[in-house]
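Participant:
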Amino acid sequence: MNENAEVIYAAKLERLKKKLEERQFAVTLLKRKEEVLPFLKSAVPEGASIGVGGSVTLDECGVIEWLTDNPNYRFIDRYHTDDRRRAFRESLLADVFLMSTNAVTMDGILYNVDGTGNRAAALIYGPDQVYVIAGVNKITENLDAAIARVEQTAAPINNVRLKKPNPCTAFGECVHCNESSSICNQFVFTRRCQPPGRIHVVLVNEELGY
Ligand code: SF4
263 MNENAEVIYA AKLERLKKKL EERQFAVTLL KRKEEVLPFL KSAVPEGASI
313 GVGGSVTLDE CGVIEWLTDN PNYRFIDRYH TDDRRRAFRE SLLADVFLMS
363 TNAVTMDGIL YNVDGTGNRA AALIYGPDQV YVIAGVNKIT ENLDAAIARV
413 EQTAAPINNV RLKKPNPCTA FGECVHCNES SSICNQFVFT RRCQPPGRIH
463 VVLVNEELGY
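Put into structure tokens, the structure is as follows:
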């Protein structure tokens, strides 16, 4: 990112951190995606069971590569299994769940749209600790802008990534389809973190995922 833009985003992130903390989220600010793995290595105790939500951000930060075949953790590997549904269910009882978010508003609300709902379910309840890794491109001014961000950017691009032939991929933004293959089925906004600190938002001053 341009160094001038970084200064502005750093100021924005400080404001966002305060708003999230007012809503009982734990928050860590990082400057670079290379700091995410060292942070997780120090935060997650060895031996912990770890589930993950589908996330380009986690990939870009090297998290999936780090966990795959890592003998120090019990990684519930949704990517190398012939029973993905079982991995999703096991992840709901993991010690730790890692994910990104579709959007985080400047007043401190997380917004997520899920196809299967496994990621949103783990965010809401189950794992003892949830880490949400988010780049500055996920920040929106308010909930209306968060919804627009998902409809205009995140969901259509995720349809392409997941090879779902839904109408947004041809139109270029959401058309509120009712296709059986729609990936937009569960809409969750997390207004506060309860119990306090269960959800730890890690904000990185770079663009990550989409
Ligand atoms: S609701 Fe349908 S059209 Fe809209 S983003 Fe989701 S899959 Fe695409």
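Per this note's numbering, the sequence shown starts with residue 263, numbered consecutively.
Every residue gets a Cβ at the ideal spot worked out from N, C-alpha and C, and that includes glycine.
Source: prediction; values computed, not measured.
1) Check the DSSP bridge columns for S311 and list the partner residues they point to.
2) Here's a check: name, in chain order, each residue in its chain whose Cβ is nearer than 7 Å to the Cβ of G434, leaving out the five neighbours to either side.
3) Have a look at S353 and A273 and give me their C-alpha separation to the nearest angstrom.
4) Please name the residue, chosen from Y387, V358 and N404, that lies closest to I371 on a Cα-to-Cα basis.
5) Taking the straight line between their C-alpha atoms, what separation do you get for A349 and D406?
6) Report buried or exposed for L424, applying the criterion of at least 16 other Cβ atoms within 10 angstroms of its Cβ.
7) Measuring from the CB of S442, is there a heavy atom of ligand 1 at a distance below 6 Å?
8) Taking only runs of the beta strand (DSSP E) that begin and end inside the segment 347 to 383, which ones reach a length of at least 3 residues, in chain order?
9) Contact between the segment 444 to 454 and the segment 370 to 388 is defined here as three or more beta-carbon pairs at a separation below 8 Å; is this criterion met?
10) Could you say which of E296, G313 and L278 lies nearest to A243 if we only look at CA atoms?
11) Mind checking N334: buried by the 16 CB within 10 Å criterion, or exposed?
12) Anyone know if the C-beta pair for Y393 and H342 falls short of 7 Å?
13) Could you tell me the distance, in whole angstroms, from the CA atom of T415 to the CA atom of Y472?
14) With distance defined between alpha-carbon atoms, name the residue in D331, G379 and R346 nearest to I445.
15) Pull the bridge partners of Q448 from the DSSP assignment, please.
16) Considering only heavy atoms of ligand 1, does any lie closer than 6 Å to the CB of P300?
17) In whole angstroms, give me the CA-to-CA distance for V412 and K426.
Facilitator: Let me spell this out:
1) As a first step, residue 311 is located in the sequence shown; it is residue number 49 there, counting from the start. According to DSSP, which records beta bridges pairwise, S311 is partnered with R336.
2) Counted from its first residue, the sequence shown places residue 434 at position 172. For G434, same chain residues with a beta-carbon under 7 Å away, outside a window of 5 residues either side, are P418 in chain order.
3) Here residue 353 is taken as the residue at index 91 of the sequence shown, counted from 1. Here residue 273 is taken as the residue at index 11 of the sequence shown, counted from 1. Cα-Cα distance, rounded: 35 Å.
4) Here residue 371 corresponds to residue number 109 of the sequence shown, with the count starting at 1. Comparing Cα-Cα distances from I371 to each of Y387, V358 and N404, the minimum goes to N404.
5) Locating residue 349 in the sequence shown gives position 87, where the first residue counts as 1. Locating residue 406 in the sequence shown gives position 144, where the first residue counts as 1. Those two C-alpha atoms are separated by around 33 Å.
6) Start at 1 with the first residue of the sequence shown, and residue 424 comes out as number 162. L424 is exposed by the Cβ-count criterion.
7) Here residue 442 corresponds to residue number 180 of the sequence shown, with the count starting at 1. No, since every heavy atom of ligand 1 falls outside the 6 Å radius drawn around the Cβ of S442.
8) Listed in chain order, they are 358 to 361, 365 to 367 and 372 to 376.
9) yes
10) With the chain covering only 263 through 472, there is no way to say anything about residue 243.
11) As a working mapping, residue 334 is identified with position 72 in the sequence shown. Label assigned to N334: exposed.
12) For this step, residue 393 is matched to residue 131 along the sequence shown. For this step, residue 342 is matched to residue 80 along the sequence shown. No, the pair does not count as a contact, with Cβ atoms beyond the cut-off.
13) Taking the sequence shown and counting its residues from 1, one reaches residue 415 at position 153. Taking the sequence shown and counting its residues from 1, one reaches residue 472 at position 210. Using only the alpha carbons, I get a separation of about 7 Å.
14) Along the sequence shown, one-based indexing puts residue 445 at 183. Of the listed residues, the one whose Cα sits closest to I445 is G379.
15) Position 186 of the sequence shown holds residue 448. Q448 is bridged to D376.
16) Position 38 of the sequence shown holds residue 300. No - ligand 1 has no heavy atom lying nearer than 6 Å to the Cβ of P300.
17) Locating residue 412 in the sequence shown gives position 150, counting from the first residue. Locating residue 426 in the sequence shown gives position 164, counting from the first residue. Spanning the two alpha carbons is a distance of roughly 16 Å.
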